[in-house]
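Under our numbering, think of the first position of the sequence shown as 12, with each following residue one higher.
Note that the Cβ used here is the ideal one computed from N, Cα and C, for glycine as well.
For clarity, every value in this text was computed on a predicted model and none was experimentally measured.
Beneath this line is the structure, given in structure tokens, with notes to follow.
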Amino acid sequence: MLRDKLSKPKPERIMKTTKDGHLVNGLYNDEYPVTKHKGANRVPFIIGVAGGTASGKTTVCNMIIQQLHDHRVVLVNQDSFYRGLTSEEKAKVGDYNFDHPDAFDTEQLLECLETLKANQPINIPEYDFKRHQRCTDKFRKVNASDVIILEGILIFHDVRVREFMNMKIFVDTDADVRLARRIRRDTLERGRDVNGVIEQYGKFVKPAFDDFVLPTKKYADVILPRGGDNHVAIDLIVQHIRTKLGQHDLRKIYPNVFVIQSTFQVRGMHTLIRDQDTKKHDFVFYSDRLIRLVVEHGLGHLPFTERQVITPTGDNGKQLIYEKLPRDIAERHVLLMDPILGTGNSAIQAILLLLQKGVPESHIIFLNLISAPEGIHAVCKKFPLLKIVTSEIDAGLNDEFRVVPGMGEFGDRYFGTDDDGPEQMYMFPIETKSSQAQSPALEILSNGKR
12 MLRDKLSKPK PERIMKTTKD GHLVNGLYND EYPVTKHKGA NRVPFIIGVA GGTASGKTTV
72 CNMIIQQLHD HRVVLVNQDS FYRGLTSEEK AKVGDYNFDH PDAFDTEQLL ECLETLKANQ
132 PINIPEYDFK RHQRCTDKFR KVNASDVIIL EGILIFHDVR VREFMNMKIF VDTDADVRLA
192 RRIRRDTLER GRDVNGVIEQ YGKFVKPAFD DFVLPTKKYA DVILPRGGDN HVAIDLIVQH
252 IRTKLGQHDL RKIYPNVFVI QSTFQVRGMH TLIRDQDTKK HDFVFYSDRL IRLVVEHGLG
312 HLPFTERQVI TPTGDNGKQL IYEKLPRDIA ERHVLLMDPI LGTGNSAIQA ILLLLQKGVP
372 ESHIIFLNLI SAPEGIHAVC KKFPLLKIVT SEIDAGLNDE FRVVPGMGEF GDRYFGTDDD
432 GPEQMYMFPI ETKSSQAQSP ALEILSNGKR
């Protein structure tokens with residue numbers, strides 16, 4: 012029934028209010044709305060594109076920008092951050108090495124990246140290659156964007172610049188092709204003569220490429236042969252960028268955090284269980300459906316091996332064994348389940364208990380309906396090897412350490428109680444060995460804050 016309702020076209024925008032007064036921006040279709048909470052500004056996705064001179068870096072950047080037309084994308088060129096030459100340097104400009112790391116004002120580049128990462132606009136001065144000075148009256152305003160592409164020959168050289176990048180691409184082009192392109196570019200766009208370009212290439216450009224540019228190739232996440240002619244590779248890069256742009260910022264930081272696909276059905280169920288007017292029956296029904304999806308996704312992270320079986324033709328004995336503390340829990344994979352991950356304190360204690368019992372950290376999969384960023388930070392920093400699977404990452408915690416927008420007291424709403432009983436957290440050790448015994452369930456009661 013929910014799927015039929017959500018399949019209707021042109022939903023109407025609404026503003027819903029949760030029980031504790033937090034607004035939730037949603038899409039409404041009949042009586043089944045779809046939510047999208049109001050979160051903080053997203054951190055831009057920063058891409059570094061490096062390579063030798065005239066290797067096709069700008070062409071690759073332009074192709075990426077064209078394919079990401081539905082996102083705000085800006086290009087920042089390292090050439091804009093050349094240092095202005097002194098009078099002595101300009102007098103011997105033929106002996107000046109423009110391909111050396113010292114030729115760039117790296118500090119100003121870092122300041123620019125800091126500003127853009129904070130979603131603030133910045134004015135970048137233009138560089139006059141004929142006068143070898145920054146223009147004091149010409150600026151290019153760069154606004155906050157979803158994607159920032161930083162392009163230049165030496166952007167991988169400084170570790171401080173590399174740390175800003177979410178993706179690093181090295182454009183690898185044949186040296187003869189690069190030389191031909193450089194001659195054409197410098198004579199037409201930068202007012203230089205052919206002999207001067209060739210002399211500079213042999214004296215500075217090629218040695219600098221071998222000494223400074225080529226060694227940074229090892230830092231690249233993607234090495235792109237043939238530059239802009241490699242359409243297949245660029246398409247794959249754009250697909251990866253689109254995937255990252257669709258992810259919550261925390262999944263860019265922690266690759267061990269997984270959020271189930273946000274379909275209209277999932278978003279519709281989130282709206283229902285968060286709505287303060289939802290009845291207990293509907294709350295339980297849609298919570299169970301969402302829990303099943305989270306558990307199913309969590310089970311997909313368990314290791315599996317092929318096994319031949321014989322279908323049962325007789326009595327195969329008991330199928331379920333339940334224990335408080337299984338003796339062989341250290342040999343099992345464990346699903347740790349808590350509907351709301353808030354501060355992460357209770358989860359950390361439960362995980363520590365499992366580790367004390369000998370369960371490897373990498374064998375623990377933590378399942379939640381809703382997670383707060385603070386809880387994810389706490390758990391992932393302390394236990395980087397476990398996996399977290401959730402259906403939604405909310406905005407954060409309020410002063411009372413409650414998840415906002417959240418869904419209120421999950422236990423009271425689910426079981427229809429108002430008493431202050433202990434909160435429950437369930438852990439299910441999962442059997443992965445080829446034995447006939449079934450997996451017991453381990454129940455742990457926790458009175459600490461989630």
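Buried or exposed for residue i, going by 16 or more other Cβ atoms inside 10 Å?
i      : result
ALA186 : exposed
LEU34  : In this prediction, LEU34 has a pLDDT of 43, which is less than 50 and means its spatial position is unreliable; what the coordinates show is noted afterwards. Counting Cβ neighbours within 10 Å, LEU34 comes out exposed, since fewer than 16 surround it.
HIS312 : exposed
GLU99  : exposed
SER66  : buried
SER298 : buried
ASN241 : buried
GLN250 : exposed
PRO433 : Note that PRO433 scores 49 on pLDDT, short of 50, meaning its location in the model is unreliable and no value can be drawn from it.
LYS103 : exposed
GLU210 : exposed
ALA191 : exposed
ASP221 : exposed
GLY207 : exposed
GLU403 : buried
SER373 : exposed
PHE315 : exposed
HIS281 : buried
GLN287 : exposed
ASP410 : exposed
GLN272 : exposed
LYS398 : buried
THR289 : buried
Looking at the unbroken beta strand (DSSP E) that takes in residue i, where does it start and where does it end?
i      : result
ILE137 : The residue you asked about is not Ile; residue 137 is Glu in the sequence shown. First-last of the beta strand (DSSP E) with GLU137: 133-139.
ASN88  : 84-88
PRO236 : 233-236
GLY59  : 56-62
Are the CB atoms of residue i and residue j nearer to each other than 8 angstroms?
i      : j      : result
LYS152 : PRO136 : no
ILE381 : VAL414 : yes
LEU396 : VAL305 : no
VAL87  : LEU161 : yes
GLY213 : GLN144 : no
ASP349 : ALA358 : yes
GLY355 : ALA389 : yes
THR184 : GLY369 : no
CYS391 : TYR265 : yes
GLY238 : VAL182 : yes
ASP110 : PHE269 : no
ILE57  : ASN177 : yes
ILE248 : ILE180 : yes
ARG193 : THR64  : yes
VAL71  : LEU235 : yes
GLY427 : GLY386 : no
VAL85  : ASN154 : yes
LEU261 : PRO132 : no
LEU227 : PHE167 : The amino acid at residue 227 is misidentified as Leu; the sequence shows Thr. Yes; because the gap between Cβ atoms is below 8 angstroms, this pair is in contact.
ILE75  : ILE245 : yes
GLN78  : PHE115 : no
PHE275 : ILE284 : no
TYR107 : TYR138 : no
ILE376 : VAL400 : yes
GLY417 : ASP405 : yes
Just curious, the alpha helix (DSSP H) that residue i is in, first and last residue?
i      : result
ASP187 : 186-200
THR401 : THR401 -> not in any alpha helix (DSSP H); beta strand (DSSP E) instead, spanning 398-401.
PHE421 : 421-426
MET74  : 68-78
PHE242 : Before going on, a small fix: residue 242 reads as His here, not Phe. HIS242 -> alpha helix (DSSP H) spans 242-256.
GLN6   : Since the first residue of the chain shown is 12 and the last is 461, residue 6 is not available in this structure.
LYS128 : 117-128
GLU99  : 98-102
- Message: For a minimum of 4 consecutive residues, which ranges assigned as the alpha helix (DSSP H) are wholly contained in the stretch 339-389?
- Response: 356-367
- Which runs of the beta strand (DSSP E) spanning at least 3 residues fall entirely within the stretch 259-312, listed in chain order? 268-270
- Item | Every unbroken alpha helix (DSSP H) inside the stretch 135-178 [4 residues or more] | 170-173
- Query: Can we say the stretch 341-351 touches the stretch 363-373, given the rule of at least three CB pairs closer than 8 angstroms?
  - Reply: yes
- Inter-stretch contact at 8 angstroms, needing at least 3 Cβ pairs: the stretch 120-134 / the stretch 167-179: yes
- Query: Pairing CB atoms from the stretch 195-214 with CB atoms from the stretch 125-132, are three or more of them under 8 angstroms?
  - Reply: no
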